[in-house]
Amino acid sequence: MTRPNPDAVSLRGIVKRFPGVLANDHVDLDVGRGEIHALMGENGAGKSTLMSVLYGLHRPDEGTISLHGKEVSFGSPAQAIDAGVGMVQQGFALFGELTVTENVVFGSEPTRRGLLDRKAATARVTELIERHELRLRPGDRVRDLPVGLRQRVEILKLLYRDAGVLILDEPTAVLTPPETERLFGVLRALAAEDRTILLVSHKLQEVLAVSDHVTVLRDGRVSARGRTADQTAAGLAAAMTGREVDLDRVHPAGTPGETVFEARSLTVPGVEGKPLLDDVSLTVCAGEIVGVAGVAGNGQAELSGAITGLLKTGGTIVLNGQSLDGLSVRARRDAGLAHVPEDRAEVGSAPTAGLRENLAVGFHRKRPLVRKGFLRRKAIDDHASAIIEDYDVRASGPAAAMGTLSGGNQQKAIFGRELTHDAPFLLVEQPTRGVDVGAIENIHARLVAHRDAGHAVLLISAELSEILALSDRVLVLFEGRIVAEFTKDEADQHTVGLAMAGGAG
Amino acid sequence: MSRVRLIAVPVAAALVLGAILLLATGTDPLAAYGAIVSGAFGPDGIGDTLAYAVPVAGMATALAIPLRAGMVNLGGEGQLVLGAISALAVGLYVPGPGPVKVILALLAGVVAGAAYAALAAVCENRLGVPLLISTLLLSYPAMSLAGYLVRFPLKDAGSSLPQSPQLSARLPEIDGVTTGIFLVVAVIAVYAVIDARTPAGFETKVTGWAPRFAAYAGIDRPKLTLRLLAASGGTAGLVGAIAVLGFPYRFIDGALITPQYTWIGLLAALLAGASPLGTLLAAVFFAALTSGGFAMERATQVPRELTAVLQAVLIIFLAATSGVFKRKAKRA
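Chains as they are written, first to last, in the working numbering: chain R, 263 to 767; chain L, 180 to 511.
Encoded structure:
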């Protein structure tokens with residue numbers, strides 16, 4: 263496609279410094295009208311900073327911003343939206359108790375004699391919904407909408423303010439594959455009516471599927487740019503990481519041994535009769551990775567809680583021939599459970615405490631960290647250093663506070679701690695959420711090696727490509743039930759994706 | 180910011196603000212401050228400071244123990260008074276040689292305080308009553324019970340005051356300071372070692388850092404709550420026992436409440452983040468401010484309440500710069 267002139271968005275020589283960090287180092291970004299432009303990069307590469315500059319959250323230290331050829335300067339997001347630049351943040355900013363219409367008009371409500379003009383608001387919102395085929399009902403309460411539709415409410419908010427430039431920050435992170443497809447349909451339609459879409463993403467396949475142009479940032483600088491049609495996944499990954507990355511590698515199947523873990527009829531009652539976890543039974547063998555696919559909120563948290571003992575449930579669990587029923591979290595861990603939780607910051611670690619202390623947890627009652635009832639400082643240090651080295655955790659040292667590490671390094675540390683237990687059964691949740699491409703590769707390889715060493719692994723992930731890359735068997739969790747099971751050969755994007763959306767068969 | 184600056188800046192700021200207040204009342208700030216320092220640490224004052232520091236540091240440690248795990252024991256007064264009255268009853272009625280009576284009385288104080296605080300823990304663990312509420316509310320009946328006992332069954336018949344007879348079994352004194360000071364120091368030393376060197380201390384700290392992480396790691400919160408509260412209440416009970424076994428060797432209703440040992444101790448523990456040594460230092464510092472305040476009042480006519488103002492200003496500055504109260508809010 264040819265680029266209409268002038269560009270809708272043109273950033274020239276943007277420099278943004280934070281104390282000790284050069285977040286954007288003379289970045290140029292040109293986005294044509296009616297174009298879907300992907301901005302890629304690892305965590306900390308400077309994408310969010312660049313978008314914050316465009317969106318008026320930060321003022322650049324150097325460089326200029328032009329919209330449609332006119333130089334602009336935003337002091338706040340409000341000024342940016344007035345100039346037609348809007349952003350959908352990762353965490354939505356919606357009022358659950360209010361309706362779609364109320365959420366959309368909030369902040370610039372149509373009024374009649376100083377009062378809210380509900381009729382005009384509803385009419386305007388209805389018209390926008392129909393014109394853009396967003397399939398929302400203006401009167402629905404946002405609380406009752408699934409995530410995919412909430413996201414459309416956010417988009418609708420921008421359209422209501424007549425944004426010509428829409429920035430979406432990792433919009434697919436919370437969506438099912440079919441929802442993602444529908445979002446892309448909406449984005450294409452918006453681009454077709456000459457709106458400009460800036461898509462911040464680190465997912466290669468999506469960028470390749472939906473965008474017209476792509477710009478890749480690494481360490482605050484542009485490391486690649488061009489028409490998406492000319493790019494390959496491997497090339498983009500290399501531009502993001504600065505090295506060759508083995509992408510979407512589907513790891514070979516393992517050789518399962520005896521059953522290590524068996525859960526029967528796990529049930530967690532819900533509030534209104536509908537159970538959150540409904541009669542779930544599954545087994546995991548030694549040397550096997552069983553993947554649990556599913557969109558977040560379909561019972562994953564309950565399944566994990568049932569296994570770890572953090573949640574009281576019906577049903578029985580046998581681990582290594584020992585019944586876990588009624589056992590405490592600690593007793594379950596002693597019986598052979600290791601666990602990488604979904605929430606790194608709140609559950610998997612103590613962010614204010616040092617890496618050393620974080621790595622000692624779980625080992626703090628055993629030799630060699632304890633001798634004659636007392637903790638040995640030297641042993642704690644050695645234990646931490648060994649994990650930091652083995653798992654390539656980048657930190658200023660064992661004393662560094664956990665919260666100062668990057669997401670990938672926190673995750674490597676937690677992985678290191680849990681794998682070091684050498685427990686027969688490992689429960690892993692969302693192992694690579696918010697983790698860079700490079701660290702993903704490392705973590706996946708670790709998991710497969712752990713499996714090949716004869717451990718049983720239960721992998722819970724909302725990332726379908728991850729499930730497909732690692733699992734020897736795939737289970738699909740939908741509305742608290744296991745609705746489908748696939749062998750490694752049967753499982754693919756389409757079949758599993760369909761089951762995740764409830765279309766099992 | 181370095182640790183030294185974290186303390187030095189707020190202290191300096193509080194002193195400057197206090198100096199302005201003093202100037203406004205027409206007093207020479209240097210003279211007033213000098214009187215506080217010599218009153219607190221001079222040859223005439225150090226005894227008072229230590230005598231006051233024993234219960235304050237003891238209570239500070241008692242409250243620091245659960246605070247290390249993020250649990251707040253607001254029932255220190257009840258545990259303190261119950262410990263005192265139990266020690267008194269044992270001292271009055273259990274027969275035996277003096278030293279044995281003293282030891283039994285101390286034990287009775289510890290057990291009473293521990294059991295009563297443990298009751299609050301059970302309320303949280305079994306009935307879901309938040310510790311903050313169960314400890315605080317259980318405190319009032321304990322104080323009332325002690326008040327009743329000392330007015331009726333344990334009253335000194337020869338006195339019109341709500342006070343008990345004097346005990347014959349006593350903790351000896353050295354220059355006006357009870358030897359109970361060694362017991363308090365020993366408790367703090369034990370707390371410091373457990374905190375720094377044992378798995379139990381480690382689990383306590385992990386719970387304080389991140390409660391959900393602690394639960395994930397298999398730390399049994401109800402059990403920990405029970406143990407920490409028992410240790411806390413036991414320490415408070417010990418402080419009460421030391422108080423009645425020292426001068427004036429009797430239980431006087433309200434005598435352990437009016438001086439605010441518990442609340443000053445709680446402040447010290449909060450400011451020090453419940454670290455054993457920090458809590459001790461903060462408690463001694465507040466004790467010194469208080470006894471120095473009396474000396475200043477005698478020397479300069481400035482009312483000793485000024486030291487309370489200084490203390491308050493200092494706490495606010497310390498809290499603002501060190502962010503001890505900020506951590507939780509930032510996460511939310």
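Idealized CB from N, CA, C, for every residue including glycine.
For clarity, every value in this text was computed on a predicted model and none was experimentally measured.
Looking at the secondary structure, which residues open and close the alpha helix (DSSP H) in which residue i lies?
i, result
"I702(R)", "V699 to D714"
"N365(R)", "V362 to V367"
"F361(L)", "G359 to R376"
"I744(R)", "Run containing I744(R): none in the alpha helix (DSSP H); it sits in the beta strand (DSSP E), R743 to T749."
"E680(R)", "G669 to T682"
"I431(L)", "Per DSSP, I431(L) belongs to no alpha helix (DSSP H) and is neither H nor E."
Kindly say whether residue i, judged by its beta-carbon, lies nearer than 8 angstroms to any beta-carbon of chain R.
i, result
"M180(L)", "Because M180(L) carries a pLDDT of 43, less than 50, the predicted location of this residue cannot be relied on, and no value is offered for it."
"A511(L)", "Unreliable placement is indicated for A511(L), whose pLDDT of 29 sits below 50; the coordinate value is still reported in the next sentence. No - not a single Cβ of chain R is within 8 angstroms of the one on A511(L)."
"V385(L)", "yes"
"P378(L)", "yes"
"L497(L)", "no"
"G524(L)", "Absent from the model: residue 524(L). The displayed extent of chain L is 180 to 511, so no value can be given."
"D374(L)", "no"
"R305(L)", "no"
"A389(L)", "yes"
"R506(L)", "Residue placement at R506(L) is poorly supported in this model, since its pLDDT is 45, which falls under 50; the coordinates are not used for a value here."
"A453(L)", "no"
"Y395(L)", "yes"
"G255(L)", "no"
"A191(L)", "no"
What's the gap between the Cα of residue i and the Cα of residue j?
i, j, result
"A191(L)", "A210(L)", "17 angstroms"
"P537(R)", "T529(R)", "7 angstroms"
"A379(L)", "D399(L)", "11 angstroms"
"P613(R)", "N671(R)", "12 angstroms"
"A761(R)", "T517(R)", "26 angstroms"
"V235(L)", "F625(R)", "37 angstroms"
"S611(R)", "F465(L)", "36 angstroms"
"D269(R)", "L390(R)", "26 angstroms"
"L470(R)", "L311(L)", "56 angstroms"
"P322(R)", "R444(R)", "35 angstroms"
"L565(R)", "R708(R)", "23 angstroms"
"R393(R)", "H288(R)", "39 angstroms"
"Y653(R)", "G678(R)", "6 angstroms"
"R735(R)", "G444(L)", "59 angstroms"
"K750(R)", "L730(R)", "8 angstroms"
Write down the C-beta distance between residue i and residue j rounded to the nearest angstrom, noting that I regard them as a contact closer than 8 angstroms.
i, j, result
"E506(R)", "A500(R)", "6 angstroms"
"L424(L)", "L346(L)", "7 angstroms"
"I298(R)", "I459(R)", "4 angstroms"
"Q413(R)", "P440(R)", "Incorrect: roughly 14 angstroms between the Cβ atoms, too far for contact."
"T361(R)", "P400(R)", "7 angstroms"
"A394(L)", "V591(R)", "7 angstroms"
"L544(R)", "V552(R)", "7 angstroms"
"A396(L)", "V385(L)", "7 angstroms"
"H712(R)", "L732(R)", "No, H712(R) and L732(R) are not in contact; Cβ-Cβ is about 11 angstroms, not under 8 angstroms."
For residue i, decide whether its Cβ has a neighbour in chain L, counting only Cβ atoms nearer than 8 angstroms.
i, result
"A675(R)", "no"
"T666(R)", "no"
"G767(R)", "Because the pLDDT at G767(R) is just 46, under 50, the model does not fix this residue reliably, and the point stays unresolved."
"H626(R)", "yes"
"G282(R)", "no"
"E304(R)", "no"
"V623(R)", "yes"
Out of the options, which one is the CA nearest neighbour of residue i?
i, options, result
"V602(R)", "A675(R), I650(R), G635(R) and T311(R)", "A675(R)"
"P408(R)", "G447(R), R713(R) and G358(R)", "G358(R)"
"L478(L)", "L267(L), K384(L), G218(L) and G307(L)", "Per the sequence shown, the amino acid found at residue 478(L) is Ala instead of Leu. That would be G218(L), whose Cα lies nearest to the Cα of A478(L)."
"G497(R)", "T477(R), D402(R) and R483(R)", "T477(R)"
"A753(R)", "G764(R), D402(R), A763(R) and V738(R)", "V738(R)"
"E395(R)", "L378(R), A555(R) and L418(R)", "L418(R)"
"Q493(R)", "R511(R), D481(R), V472(R) and L681(R)", "V472(R)"
"L298(L)", "G457(L), L317(L), G359(L) and D207(L)", "L317(L)"
"A718(R)", "D684(R), E725(R), F368(R) and D643(R)", "D684(R)"
Between which two residues does the beta strand (DSSP E) holding residue i run?
i, result
"I429(R)", "V427 to D431"
"V293(R)", "V283 to V293"
"V423(L)", "Here V423(L) belongs to no beta strand (DSSP E); instead the alpha helix (DSSP H) covers R400 to L424."
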